[in-house]
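Colleague:
Numbering (the numbering used here), first residue to last: 3 to 455.
#1: Helix, strand or coil for residue 162, going by three-state DSSP, please let me know.
#2: Assuming residue 72 contacts residue 221 under a Cβ cut-off of 8 Å, what Cβ separation, rounded to an integer in Å, is found between them?
#3: For residue 387 and residue 256, what's the separation of their Cα atoms in angstroms?
#4: Tell me whether the beta-carbon of residue 200 lies closer than 8 Å to the beta-carbon of residue 251.
#5: Three-state secondary structure (DSSP) at residue 157?
#6: Contact between the segment 182-190 and the segment 99-112: three or more CB pairs below 8 Å?
#7: What is the DSSP secondary structure of residue 167, counted as helix, strand or coil?
#8: Near residue 162, what residues of its chain come up, given a Cβ to Cβ distance below 8 Å and the 5 sequence neighbours on each side ignored?
#9: Nearest-angstrom Cα distance between residue 382 and residue 349?
#10: Give the list of continuous beta strand (DSSP E) stretches no shorter than 3 residues that lie fully inside the segment 379-424.
#11: Return helix, strand or coil for residue 94, following the three-state DSSP convention.
#12: Determine the extent of the beta strand (DSSP E) in which residue 224 is found, giving its start and end residues.
#13: Suppose only complete runs of 4+ residues qualify. What are the alpha helix (DSSP H) ranges in the segment 264-290, listed by chain order?
#14: Taking residue 68 as the reference, which of 93, 281, 342, 36 has the closest Cα?
#15: Under a three-way DSSP split, which group does residue 9 fall into?
#16: Where are the beta strand (DSSP E) runs, 3 residues long or more, that stay fully inside the segment 12-69, in chain order?
#17: Which value, in whole angstroms, describes the spacing of the CA atoms of residue 131 and residue 331?
#18: Contact between the segment 444-452 and the segment 50-70 is defined here as three or more beta-carbon pairs at a separation below 8 Å; is this criterion met?
#19: Any contact between the segment 36-50 and the segment 4-20? By contact I mean 3 or more CB pairs, one from each, below 8 Å.
#20: For residue 334, report the span of its alpha helix (DSSP H) as first-last.
#21: Shortest alpha-carbon distance to residue 143 belongs to which of 74, 133, 137?
#22: DSSP on residue 258, reduced to helix/strand/coil?
#23: How should residue 315 be labelled, buried or exposed, when 16 other C-beta atoms within 10 angstroms of its C-beta is the threshold for buried?
#24: The beta strand (DSSP E) that contains residue 328, what's its start and end?
#25: Quick one: measure Cβ to Cβ for residue 209 and residue 300, integer angstroms, because I've assumed they're closer than 8 Å.
#26: Does residue 243 pass the burial test, meaning 16 or more other C-beta atoms within 10 Å, or should it be called exposed?
#27: In the DSSP output, what is residue 377 paired with across the bridge?
#28: Where does residue 438 land, buried or exposed, given buried means 16+ other C-beta within 10 angstroms?
#29: Less than 8 Å between the beta carbons of residue 339 and residue 288, yes or no?
#30: Can you look up residue 313 in the DSSP assignment and give me helix, strand or coil?
#31: Cα separation between residue 70 and residue 404?
#32: Can you check which of these residues, 97, 271, 365, 401, is closest to residue 138 by C-alpha distance?
#33: Where does the unbroken beta strand (DSSP E) through residue 437 begin, and where does it stop?
#34: Checking 8 Å against the spacing of the C-beta atoms, do residue 224 and residue 111 come in under that value?
#35: Within 10 angstroms of the Cβ of residue 171, are there 16 or more other Cβ atoms? Answer buried if so, exposed if not.
#36: Whose C-beta lies closer than 8 Å to the C-beta of residue 217 among residues of the same chain, with five residues either side of it excluded?
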């Protein structure tokens, strides 16, 4: 499958055979070999009967036209990610802790922490741990008990930048019993709209969800952007996973309570800090790898051992803050669960786009399948951008996952209602023909990018 198009059916298409098939036929006319079907930004969930019926209809029409059908799973349209699930099972959700520095004066606590994400004050649920610096070093306050409230102050740092995010400062105030006056470091815990993949309940749910589709002859599955809400809700550096299932896993793997050592993740305490950081990020990446491995294994038991598996990890693909802090940065290891090397990129950011294309080449080169894919899109695509980047994909032998046919609020054009849709057929053929021409040829360029942080 060298070329694939995202298909995101609008509400009006769900359950409507004619409307669904119109989209499939339009994608086929533009030369794409496969469809990545996702149900998102709709009033429906993945386990709703109209959605399952729609997947069946699209798969049937795609196969009739000679196209492959890959079913995408996205966190925002699965029950465990819904508000009602978290109300019933609060400890199954994902929780991240951030450092908040403050002081205690006469039993009164004040502290604050910057937060670049979309956190609300009522998302702060507890204090994971509290610490003080003493002559004996950093000491955890075992008897720390506080009654607190939190408020958020928000501003935009650049109103001219469409990509700017709100800068938040979360202030924590309250009362503390039994503690002397002086500075204090808290790790306040935020709830995010993401499940903890270590949760057995979440794992069982995903198994049952896949079972609902077992009668449909899918050609592939794609778990899109695992960890995304951990990124978008608690943005910036220095956020640490402290959900209950993950903490249990961490202690079992490493032999100590992560909450006892949280400051070592932020402060340089020599060899001990290096050990804690190594243990933490290893466990974080391995937890996601294991969850995705279970998901893919279950899918292949249901749909066949040769089932295609994608897509990219989180939304950055640049080993940056977003991917590191949700356990998605070990791209080469994580790709073992996939059918090649996958990255994501937007045409408007040329340097980033070129970087992620080369990263896809590299991951693919070291993958048993020997192939890489770019899931690329743009907020404001032009024919020039489309031609430029698909030529790069072609000469670097990458597969292309175009984005997106249907509705895509906040994430690229909604084809066919964009001026570049007529040019998509030529772009798809360019990628396909170059791949056929180059065949098994391997480039001789050797390139390494080192992230010094």
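Beta carbons: idealized from backbone N, C-alpha and C, even for Gly. Values in this document were obtained by computation on a predicted structure and should not be read as measured data.
Modeller: Reading from the atomic positions:
#1: One-based indexing of the chain shown puts residue 162 at position 160. In this prediction, residue 162 scores a pLDDT of 40, lower than 50, which makes its location untrustworthy; no coordinate-derived value is stated.
#2: Stepping through the chain shown from its first residue, residue 72 is reached at position 70. Stepping through the chain shown from its first residue, residue 221 is reached at position 219. Yes, residue 72 and residue 221 are in contact; Cβ-Cβ is about 6 Å, under 8 Å.
#3: Indexing the chain shown from 1 puts residue 387 at position 385. Indexing the chain shown from 1 puts residue 256 at position 254. C-alpha of residue 387 to C-alpha of residue 256: approximately 48 Å in a straight line.
#4: Indexing the chain shown from 1 puts residue 200 at position 198. Indexing the chain shown from 1 puts residue 251 at position 249. Yes, Cβ-Cβ distance for residue 200 and residue 251 is below 8 Å.
#5: Translated into the one-based positions of the chain shown, residue 157 becomes position 155. Low confidence applies here, because residue 157 scores a pLDDT of 47, under 50, leaving its location unreliable; read the following figure in that light. Strand.
#6: Result yes; three or more Cβ-Cβ pairs closer than 8 Å.
#7: One-based indexing of the chain shown puts residue 167 at position 165. For residue 167, the pLDDT reaches just 45, beneath the cut-off of 50, and the residue's location in the model is therefore unreliable, although a value from the coordinates is still provided. If DSSP states are grouped into helix, strand and coil, residue 167 belongs with coil.
#8: Start at 1 with the first residue of the chain shown, and residue 162 comes out as number 160. Only weak support is given to the placement of residue 162: the predicted model assigns it a pLDDT of 40, under 50, and the question is left unresolved by the model.
#9: Taking the first residue of the chain shown as position 1, residue 382 is located at position 380. Taking the first residue of the chain shown as position 1, residue 349 is located at position 347. In this structure, the alpha-carbon of residue 382 lies about 9 Å from that of residue 349.
#10: As summarised for the segment 379-424, the continuous beta strand (DSSP E) elements at least 3 residues long and confined to that stretch are 401-408, given in chain order.
#11: Sequence index remark: in the chain shown, residue 94 carries index 92 (1-based). The answer is helix: DSSP assigns residue 94 an H, G or I state.
#12: As a first step, residue 224 must be located in the chain shown, where it is residue number 222. Here the beta strand (DSSP E) through residue 224 covers 222-226.
#13: Taking only runs of at least 4 residues, the alpha helix (DSSP H) segments lying wholly in the segment 264-290 are 264-268.
#14: For the purposes of this step, residue 68 is taken as the residue at position 66 of the chain shown. Looking at the Cα atoms, 36 is the closest of the given residues.
#15: In the chain shown, counting from the first residue as 1, residue 9 sits at position 7. Three-state result, residue 9: strand.
#16: Taken in chain order, the complete beta strand (DSSP E) segments of 3 or more residues contained in the segment 12-69 are 36-40.
#17: Here residue 131 corresponds to residue number 129 of the chain shown, with the count starting at 1. Here residue 331 corresponds to residue number 329 of the chain shown, with the count starting at 1. Near 27 Å, if we compare the C-alpha coordinates of residue 331 and residue 131.
#18: Result no; under three Cβ-Cβ pairs closer than 8 Å.
#19: Remark: three or more beta-carbon pairs, one from each stretch, lie closer than 8 Å, so the segment 36-50 and the segment 4-20 are flagged as touching.
#20: Mapped onto the chain shown, residue 334 falls at position 332. Segment 333-336, the alpha helix (DSSP H) holding residue 334.
#21: In the chain shown, the residue the question calls residue 143 occupies position 141. Among 74, 133, 137, the Cα nearest to that of residue 143 is on 133.
#22: In the chain shown, counting from the first residue as 1, residue 258 sits at position 256. The answer is coil: DSSP assigns residue 258 none of H, G, I, E or B.
#23: The residue labelled residue 315 in the question sits at position 313 within the chain shown. Within a 10 Å sphere around the beta-carbon of residue 315 sit 16 or more other beta-carbons, which makes this residue buried.
#24: For the purposes of this step, residue 328 is identified with residue 326 of the chain shown, where counting begins at 1. Unbroken run through residue 328: none, as it is neither H nor E.
#25: Translated into the one-based positions of the chain shown, residue 209 becomes position 207. Translated into the one-based positions of the chain shown, residue 300 becomes position 298. With a Cβ gap of about 5 Å, residue 209 and residue 300 count as contacting.
#26: In the chain shown, counting from the first residue as 1, residue 243 sits at position 241. Under this definition residue 243 is a buried residue.
#27: Looking up residue 377 in the chain shown gives position 375. Answer by DSSP bridge pairing, in chain order: 346, 403.
#28: For the purposes of this step, residue 438 is taken as the residue at position 436 of the chain shown. Its Cβ having fewer than 16 others within 10 Å, residue 438 is exposed.
#29: On the chain shown, position 337 is the one that residue 339 refers to. On the chain shown, position 286 is the one that residue 288 refers to. Contact: no.
#30: The residue you call residue 313 lines up with position 311 of the chain shown. Residue 313: coil per DSSP, three-state reduction.
#31: Residue numbering aside, residue 70 sits at position 68 when the chain shown is read from its first letter. Residue numbering aside, residue 404 sits at position 402 when the chain shown is read from its first letter. Looking at the two C-alpha atoms, the distance is approximately 15 Å.
#32: For the purposes of this step, residue 138 is taken as the residue at position 136 of the chain shown. Considering only alpha carbons, the answer is 271.
#33: Taking the chain shown and counting its residues from 1, one reaches residue 437 at position 435. Careful: residue 437 lies outside any beta strand (DSSP E), inside the alpha helix (DSSP H) at 426-440.
#34: Mapped onto the chain shown, residue 224 falls at position 222. Mapped onto the chain shown, residue 111 falls at position 109. In this structure, residue 111 does not lie closer than 8 Å to residue 224 by Cβ.
#35: As a position in the chain shown, residue 171 is number 169, starting the count at 1. With fewer than 16 Cβ atoms within 10 Å of its Cβ, residue 171 is classed as exposed.
#36: Here residue 217 refers to the residue found at position 215 of the chain shown. Taken in chain order, the residues that qualify are 58.
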